[in-house]
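What follows is a set of notes on a single structure, which appears directly below.
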Amino acid sequence: CNYISEIAWEKRCFNPVALHHFTYYDVKEKFKLTANLAIRARDRVAKSYKTNRKKLHKFQKLSMDLDKRVFRLLRNGDFRASISTIYGRVKVKLDIGDYQRELLKNPVRDAKLVFRRNDKKLYLHISVLINAPEPKGNEPVGVDIGINNIIYASNGFKVNGKPIEHRRQHFRELRRSLQKKGTSSAKRKLKQLSGRECRWITTMLHQISRAFVDTLKEGDYVVMEKLDSIRDRTKHRKGYNATFHSWAFRKLQQMIEYKCLERGIPVVYIDPANTSRKCPRCGTIDRRNRNGNRFRCVNCGFQHNADYVASVNLSELARRGWAVVNQPNVGVDDFLHETTCKPPISMGGS
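Sequential numbering from 25 applies to the sequence shown in the working numbering.
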């Protein structure tokens, strides 16, 4: 991947098809890869540059993308993984429980092979296709996602963000202290800290999204705000931007999406313009209505938590037909590797 990335950066070529012509044969010969492995490496590099083309991307030898041509799941007796390597196909027994066995009865989409430094073992993240119920719903439940309240829904469900932000501040202070030391031991601990923080955040987001989805009733559907430009539209006081920009708004939305999809609950998105300024009682839109966490209408005097008001306005907009139905496309590349909170399927050996 690093070899392909350097060529992509040097030639400013980030399209996978064009990049194929620059790298395919060289990569196969230089690294003795099969055709499919060379293609997977190219696709990983091209995808990486989709979101950021401002600097050269570097990759660590910690994971490997697997599609159906590189990876096969063998279900005869014990579950085994058949993986294409430069030394031929390797078949490995999967160390899994009953829950994973039931999931793996579904068609396999793709997978990712991951090496974890902390226990020096290989883990296989497998993405499967599940036949979910047809989404149906007629009662909107607005969801506002933020920092003060990680989530505030129009059905009353909320999670205060202060305890979570305090924990994240603890991680930041630890990281700053280790960076100042600069020793080999400190650098090693920094890597461990990064993984620990990521796993903690992921687990916490999974718990929050599951708890929220469990509050939904039959006939409900979820309404969330489009987050495309939220980081550019929203301004915070100095010193707060780092926290705001690092928060995984979209990750939480993705978790809510797929958990809703499992239960046949539709998810729609709405442009959030003025949802935090509009009074849900009289309809007055005024920036003076909101002052920090509090909402007080300058016209009728209605008062409530500002995040709750935003969630109510989202649900009302959906009720009036201003929503766009979401079509989730959450695969292993986009979601599973970064967001799984339970221990992934372990492969025997280390």
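Backbone N, C-alpha and C fix where the C-beta goes; we use that ideal spot for every residue, glycine too.
By DSSP's assignment, THR109 forms a beta bridge with GLY112.
By the Cβ criterion, the region 151 to 161 is in contact with the region 115 to 132, since at least three pairs of Cβ atoms, one from each stretch, lie closer than 8 Å. A Cβ-Cβ distance of about 5 Å is found for the pair ILE309 and LYS302, placing them in contact under the 8 Å criterion.
Under the criterion of beta carbons closer than 8 Å, VAL292 and VAL167 do not qualify as touching, at roughly 11 Å.
For VAL322, the three-state secondary structure derived from DSSP is coil.
Taking C-beta atoms as the reference points, LEU137 and LEU148 count as a pair closer than 7 Å. The beta carbon of TYR332 sits closer than 7 Å to the beta carbons of TYR176 from its chain, once the five residues preceding and following it are set aside; these are given in chain order. Beta-bridge annotation (DSSP): SER151 is paired with ASP134. Here DSSP, grouped into helix, strand and coil, assigns HIS328 to strand.
For LEU146, the secondary structure class from DSSP, reduced to helix, strand or coil, is strand. Straight through space, the alpha carbons of LYS215 and PRO40 are spaced by roughly 31 Å.
DSSP, read as helix, strand or coil, puts PRO296 in coil.
In terms of CA proximity to LYS78, PHE38 leads the group ASN337, PHE38 and GLU158. Cβ atoms of ALA210 and LEU202 come within 8 Å of each other, at about 4 Å. Here VAL322 is not near CYS284, since their CB atoms are 7 Å or more apart. Our two residues, SER178 and GLN231, have alpha carbons roughly 19 Å apart in a direct line. When secondary structure is reduced to three states using DSSP, ALA177 falls in the strand class. DSSP assignment within the region 167 to 217 yields the following whole beta strand (DSSP E) runs of 3 residues or more, N-terminal first: 173 to 177 and 182 to 184. The beta carbon of TRP33 sits closer than 6 Å to those of LEU80, all from its chain and outside the five residues before and after it, given in chain order. Within the same chain, Cβ atoms closer than 6 Å to the Cβ of PHE273 are found at ILE169 and LEU251, the five residues on either side in sequence being excluded.
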